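First comes the structure, then the notes that go with it.
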Amino acid sequence: MKLFHLSDLHIGKFVHKVSMLEDQAYILGQVLDAVRTEKPDAVLLCGDLYDKPQISKEAEKLYDRFLTELLSCGQPVFAISGNHDSAAHVGYFSELLKRNHLYTSEPEFRGVMAPVTLEDKYGPVRFWLLPFLKPVDVRAAYPAEEYPEVETDSYHSAIASVVAKLDVDPAERNVILAHQFVTGASGVERSDSETISIGGLDNVGAEVFDAFDYVALGHIHRPQKVGRETVRYAGTPLKYSFSEANDQKGITVVELGDKGDVRVSALPLTSLRDMRRISGAFAELTTLKYYSAQEREDYLEVTLTDTVEVPGAFSKLKAIYPNLLSLRYEQHEREREQEGFTVTDLEEMDPLRIVSGFFEEQTDRPLSEEQEGLLKDLMTNIWGGTAE
Numbered sequence: 034m035k036l037f038h039l040s041d042l043h044i045g046k047f048v049h050k051v052s053m054l055e056d057q058a059y060i061l062g063q064v065l066d067a068v069r070t071e072k073p074d075a076v077l078l079c080g081d082l083y084d085k086p087q088i089s090k091e092a093e094k095l096y097d098r099f100l101t102e103l104l105s106c107g108q109p110v111f112a113i114s115g116n117h118d119s120a121a122h123v124g125y126f127s128e129l130l131k132r133n134h135l136y137t138s139e140p141e142f143r144g145v146m147a148p149v150t151l152e153d154k155y156g157p158v159r160f161w162l163l164p165f166l167k168p169v170d171v172r173a174a175y176p177a178e179e180y181p182e183v184e185t186d187s188y189h190s191a192i193a194s195v196v197a198k199l200d201v202d203p204a205e206r207n208v209i210l211a212h213q214f215v216t217g218a219s220g221v222e223r224s225d226s227e228t229i230s231i232g233g234l235d236n237v238g239a240e241v242f243d244a245f246d247y248v249a250l251g252h253i254h255r256p257q258k259v260g261r262e263t264v265r266y267a268g269t270p271l272k273y274s275f276s277e278a279n280d281q282k283g284i285t286v287v288e289l290g291d292k293g294d295v296r297v298s299a300l301p302l303t304s305l306r307d308m309r310r311i312s313g314a315f316a317e318l319t320t321l322k323y324y325s326a327q328e329r330e331d332y333l334e335v336t337l338t339d340t341v342e343v344p345g346a347f348s349k350l351k352a353i354y355p356n357l358l359s360l361r362y363e364q365h366e367r368e369r370e371q372e373g374f375t376v377t378d379l380e381e382m383d384p385l386r387i388v389s390g391f392f393e394e395q396t397d398r399p400l401s402e403e404q405e406g407l408l409k410d411l412m413t414n415i416w417g418g419t420a421e
């Protein structure tokens, strides 16, 4: 059984205030071409289908068109909601959609999950659809007075409790779709286009999913395995930040043979415009020799090596590079490094570290364990475990 694993479409996203809809339509067209050519037995969409719960008409139209054409290819499609989605919106008309072989996570998590079963020559494959969940969602589904065994003091314990409730037969092949921050012993590579975690509180250990033959993950924007080869993030089909400039985006292809036989490969995708970083002196970057050798329509972050600021540099560069999104000066970055943090450091740092660093700078002492615990609790209560 061949599966296409995708996630984090983020339809409707803006990067540096520029709409990505045209780029998203182009890349989703490539996905459709790949489905028609490769003919997978199912397509898995693992959350963050939209960029925001409040969906623009243009984003909704694009997703509707994509799903309609995807389903017309004939294979089942599985879709779950992510932390950027409205779970209710993704799960609307779920019973009706099943008739067209579109299987979605429920609009509201109620604690009861039944798998969807597909068959191939080796027998059944059970597909489990686990949407993005916070501990508070799990506690609402399993009230403490009725389910005292369910733990929800952390993301890890909450998701582990949910998975323990699933009726998974380990003798059969099982695939789960999930949208969480899942980590293994070797860690996870994140990018600065993702939602920032609070002190690692949203972490779920990969061992929670040991009963599954393949774990199709969404949430992290870089394609990668988590521990074993068969626990994987597909990553975004497009680059959504300059920290992803060197990433190869694509479709994760999963081939299930008999029990225990799982092969994973990647099918590359090519974007309408790449997202790149270039650097040099202003005089160099504006010469015909230099810019005629560039893909000038790409989304660019330019770092100028000039020791003094060039008046009107951004507008002058944008006249040559129409999709210039970010301008930096190398000298400024060096100065910030000497001060302790670069811009990139701050972009990738979690809020807990920023606040604790500020506290230490002002008081000449670190947060106590009690203070750090209080700060974590406040952040979790205010942001529900993530900072939007």
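In this note's numbering, each number is its position in the sequence shown, counted from 1, plus 33. Idealized CB from N, CA, C, for every residue including glycine. None of the values given here were measured: they were computed from a predicted structure.
DSSP state of residue i, grouped into three classes?
i      : result
Lys72  : coil
Ser52  : strand
Arg159 : strand
Thr269 : coil
Pro384 : helix
Asp66  : helix
Ile253 : coil
Ile88  : coil
Thr422 : This structure does not reach residue 422, given that the chain is present from 34 up to 421, and the question cannot be answered.
Ser348 : helix
Leu357 : strand
Gly238 : strand
Val376 : Reliability of the predicted coordinates at Val376 is poor, the pLDDT of 49 falling under 50, and the value obtained from them is presented with this limitation in mind. In this structure, Val376 counts as helix in the three-state DSSP scheme.
Ser194 : helix
Glu403 : helix
Val123 : helix
Phe245 : coil
Glu421 : Residue placement at Glu421 cannot be trusted, given a pLDDT of 34 that sits under 50; the coordinates are not used to answer.
Met34  : coil
Thr303 : coil
Glu277 : helix
Ser105 : coil
Arg398 : coil
Glu366 : helix
Leu318 : helix
Please list, in chain order, all residues of the same chain as residue i whose beta carbon is under 6 Å from its beta carbon, the five residues on each side excluded.
i      : result
Pro164 : Ile113, Ser114, Ala120, Ser138
Val64  : none
Tyr247 : Val208, Thr263, Val287, Val295
Asp53  : Here the sequence assigns Met to residue 53, which means Asp is not the residue at that position. For Met53, where only same-chain residues beyond five positions count, the Cβ hits under 6 Å are Lys46.
Ile339 : Reading the sequence as shown, one finds Asp at residue 339 and not Ile. Correct list, in chain order: Ala314, Phe315.
Glu334 : Phe275, Arg310, Ser359
Lys122 : Looking at the sequence provided, one finds His at residue 122 rather than Lys. Nothing listed; no residue qualifies.
Thr185 : Pro168, Val171, Arg172, Ala191
Lys198 : none
Thr216 : Asn236
Lys292 : Arg206
Gly144 : Ala174, Tyr175
Ile387 : none
Assuming residue i contacts residue j (C-beta within less than 8 Å), just tell me the rounded distance between them.
i      : j      : result
Leu61  : Pro109 : Wrong, their Cβ atoms sit about 18 Å apart, outside the cutoff.
Tyr175 : Gln213 : At roughly 17 Å, the Cβ-Cβ gap does not stay under 8 Å, so Tyr175 and Gln213 are not in contact.
Val171 : Leu289 : 29 Å between Cβ atoms; not a contact.
Thr336 : Glu317 : Not quite, the Cβ-Cβ distance comes to about 12 Å (not below 8 Å), so this is no contact.
Pro256 : Ala299 : 7 Å
Ala239 : Cys79  : In fact, because the Cβ distance is near 15 Å, the residues do not count as touching under 8 Å.
Ser40  : Gly251 : 3 Å
Val297 : Arg265 : 7 Å
Phe37  : Pro86  : That belief does not hold up - the Cβ atoms of Phe37 and Pro86 are roughly 26 Å apart, past 8 Å.
Leu305 : Tyr59  : 4 Å
Leu135 : Leu100 : 7 Å
Within 10 Å of its beta-carbon, does residue i have 16 or more other beta-carbons around it, so buried, or fewer, so exposed?
i      : result
Val48  : buried
Ser312 : exposed
Tyr125 : exposed
Asp437 : Only positions 34 to 421 of the chain appear in this structure, which leaves residue 437 out of reach.
Asn279 : exposed
Arg206 : buried
Pro203 : exposed
Asn116 : buried
Thr285 : buried
Val51  : exposed
Pro148 : buried
Thr70  : exposed
Phe347 : exposed
Ser105 : exposed
Lys322 : exposed
Leu166 : buried
Ala177 : exposed
Excluding the 5 residues preceding and the 5 following residue i in the sequence, name in chain order all residues of the same chain whose CB lies nearer than 7 Å to its CB.
i      : result
Glu222 : Arg255, Gln257
Got a sec: does the ligand SAH put a non-hydrogen atom nearer than 7 Å to the Cβ of residue i?
i      : result
Tyr155 : No copy of the ligand SAH appears in this structure; indeed no ligand is present at all.
Apart from the five residues on each side of it in sequence, which residues of its chain come closer than 8 Å, Cβ to Cβ, to residue i?
i      : result
Tyr324 : Leu318, Ile353, Tyr354
Glu342 : Tyr362
> What are the start and end residues of each continuous alpha helix (DSSP H) run of 4 or more residues lying completely inside the region 128-192, in chain order?
Replying inline: 168-174
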